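Visitor: Quick one: the structure is below, and I'll ask about it shortly.
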Amino acid sequence: MTQLPAGQWRVAIIGGGIAGALSALALSKIPRIAATTIFDRDGAFGRGLAYSAKAAWHRLNVPAYKMGGIGAEDTEGFADWLAETGQANWPDYSASFVPRRVYGDYIAAQLSDTVTSGRVTTQTDAVIDVAKWAPGYELTLASGHRQSFDLVFLCLGNPSPSPFPGIEPSPRSITDVWAPGALDPIAMNERVLVIGTGATAVDVVIDLHRRGLQQPITMISRRGLLPLVDAPAEIDPAPVEHWPQATARGIFAALRDDTRRKMEAGVPWQTSIDTFRLQIAGLWTEAPQIERERFSRHLRAIWLVHRHRLAPDVAQLLEQLQSAGLLHVLAGRISTTDRTSAGYDIAIRQRGGDTMQMSTDWILNCTGPEERYDRIANPLVGSMLASGMARRGNQGLGLDVDDNCQLRDTSGSVQHGLYAIGHATRGAFWEVTAATNIRRQILAIADQLNVAADC
Ligand SMILES: Cc1cc2nc3c(=O)[nH]c(=O)nc-3n(C[C@H](O)[C@H](O)[C@H](O)COP(=O)(O)OP(=O)(O)OC[C@H]3O[C@@H](n4cnc5c(N)ncnc54)[C@H](O)[C@@H]3O)c2cc1C
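And the structure:
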């Protein structure tokens, strides 16, 4: 049982994206919590980075019914809300991958009701430090104010990517494609190299295509694998109950065999993968360190293309672009880059050995968020690592947390009542960024707090 202060609790949530909003909604139901304040530096309450996207082609990468709802029982809350608000009349499966902003509308609406009820308040400010302040914690805000709380939730989201190694920074290389207006300077007759072939890279390619880019786009990653296409699920298949070998390869072999058997019975492989995803945190926690490292080195890329999938119409559009010569996907590594007056000259060592040269006007880094928290630019994380309030997570990923998502300080002691949600817990649980994973983390903590409140 966690050791928490006596009496009523005041809660601070740092970060107002969906992790912060879902935390506030779950915590507002716990009678012992007297007040909850959400701090967000951008004021993006209930939306955060992913669900503030404005364009209709910024779509969810899962169908609406898989986004879930708010509470444990409410497994199809978002889909139900779409139906209630008259937005669920999609004609085909592809259309059920609704624009991300619509999910943001849903979460923001739920949060707004709770804010109106007075149980939760929001404050637009950055938190730049968290320190111990018995019996809880003291927050320092960028505005200079200090406030103390009994429980603190770090819901900081996905950090911006670090600059791609070996590429000399210039106005022609864009490190953070999600920064507001990041793609705006690209002229429609310019050449673009996208580094990365995952979900962010695909989003950017679609975005540039919709804006009317006339030049072919080149995407590159070590294996050149695009995400695979999604398929509708009729049922959720039973999870694998027994993993014969506790090695990364053993688990993947068992998953492959189980998926093949289910496919013979008519279950699409995609649904087996989704069922498996919910088991990953447990498998990762139990896995020996060497197996986690083997997974990260050898299986991660294969896993990602199965796990992050494309709406059928998006996959079709990518195929069309490739057939029309408007999209090239390369497998290889960038070996050298030289800045030119227009952009960059690049040498690429292709998988298989040949080297090719290309010139581009723009390089876009779509390799995903920085996972090593000693490299990220968030001043709060920097100060917590420097003061010893936090330490880096397993393999340097995120921050170190216990099984209940409570941070460990530099000596490894658990900081009771100081939680991290989502991306920051990747080192401990690995599969942590989808809305469903975030919600599971929050509901487990809320259950624990309910039990602690009754003691
Ligand atoms: C482009 C994209 C598409 C995605 N699509 C899907 C999808 O279809 N389905 C799905 O399930 N998942 C998807 N995801 C996964 C996604 O990461 C999560 O669903 C979700 O966005 C994470 O929410 P969050 O609240 O943890 O982070 P964020 O949305 O990043 O919010 C964190 C917030 O914290 C604030 N903040 C950070 N530091 C501080 C500080 N020190 N002080 C104050 N405020 C601070 C930030 O300003 C930000 O508003 C997608 C992610 C991305 C990036």
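Per my numbering, the very first residue in the sequence shown carries number 68; after that it's consecutive.
Ideal Cβ positions, reconstructed from N, Cα and C, are used throughout, including at glycine.
The structure displayed is predicted, hence computed values, not measured ones.
Just curious, the beta strand (DSSP E) that residue 481 is in, first and last residue?
Guide: Counting along the chain, the beta strand (DSSP E) containing residue 481 begins and ends at 481-487.
Visitor: Which term fits residue 456, buried or exposed, when burial requires 16 or more other beta carbons within 10 angstroms of its beta carbon?
Guide: The residue is buried, with at least 16 neighbouring Cβ atoms inside 10 Å.
Visitor: Here's a check: name, in chain order, each residue in its chain whose Cβ is nearer than 7 Å to the Cβ of residue 157, leaving out the five neighbours to either side.
Guide: Counting only Cβ-Cβ distances below 7 Å, and skipping sequence neighbours, we find 163.
Visitor: Among 463, 502 and 258, whose alpha-carbon lies nearest the alpha-carbon of residue 440?
Guide: Comparing Cα-Cα distances from residue 440 to each of 463, 502 and 258, the minimum goes to 463.
Visitor: Determine, using beta carbons only, whether residue 361 and residue 498 come nearer to each other than 7 Å.
Guide: Contact flag unset, no.
Visitor: Near residue 418, which residues of its chain fall below 6 Å by C-beta distance, leaving aside the five closest residues on each side in sequence?
Guide: Excluding positions up to five away in sequence, the list reads 398 and 399.
Visitor: With hydrogens ignored, establish whether the beta-carbon of residue 467 is closer than 6 Å to any heavy atom of ligand 1.
Guide: It does not: the Cβ of residue 467 is nowhere closer than 6 Å to a heavy atom of ligand 1.
Visitor: Flag this pair as touching only if the segment 333-342 and the segment 246-261 have three or more C-beta atom pairs under 8 Å; answer yes or no.
Guide: Segments in contact, no.
Visitor: Could you pull out every unbroken alpha helix (DSSP H) segment of at least 4 residues lying fully inside the segment 316-392, listed in chain order?
Guide: Runs found: 336-344, 347-353, 356-361, 367-374 and 379-390.
Visitor: Can you tell me whether residue 124 is helix, strand or coil according to DSSP?
Guide: The answer is coil: DSSP assigns residue 124 none of H, G, I, E or B.
Visitor: Can you list, in chain order, the residues of its chain with a C-beta nearer than 7 Å to that of residue 516? Leave out the 5 residues immediately preceding and following it.
Guide: The residues are 97.
Visitor: Which whole-angstrom value is the C-beta distance of residue 359 and residue 461, which I expect to be below 8 Å?
Guide: Confirmed, Cβ separation roughly 7 Å.
Visitor: Taking the continuous alpha helix (DSSP H) assigned at residue 448, which residues delimit it?
Guide: It spans 446-454 - the alpha helix (DSSP H) in which residue 448 sits, taken as one unbroken run.
Visitor: Please report the straight-line C-alpha distance between residue 199 and residue 491, rounded to a whole angstrom.
Guide: About 20 Å.
Visitor: Whole angstroms is fine: what's the gap from residue 310's alpha carbon to residue 355's?
Guide: Roughly 14 Å separates the two Cα atoms.
Visitor: Near residue 71, which residues of its chain fall below 8 Å by C-beta distance, leaving aside the five closest residues on each side in sequence?
Guide: Hits under 8 Å: 217, 218, 483, 484, 516 and 519.
Visitor: Mapping the DSSP letters down to three states, classify residue 477 as helix, strand or coil.
Guide: Of the three classes helix, strand and coil, the one that applies to residue 477 here is coil, per DSSP.
Visitor: To the nearest angstrom, report how far apart residue 501 and residue 312 are at their CA atoms.
Guide: If I take the Cα positions, the gap works out to 27 Å.
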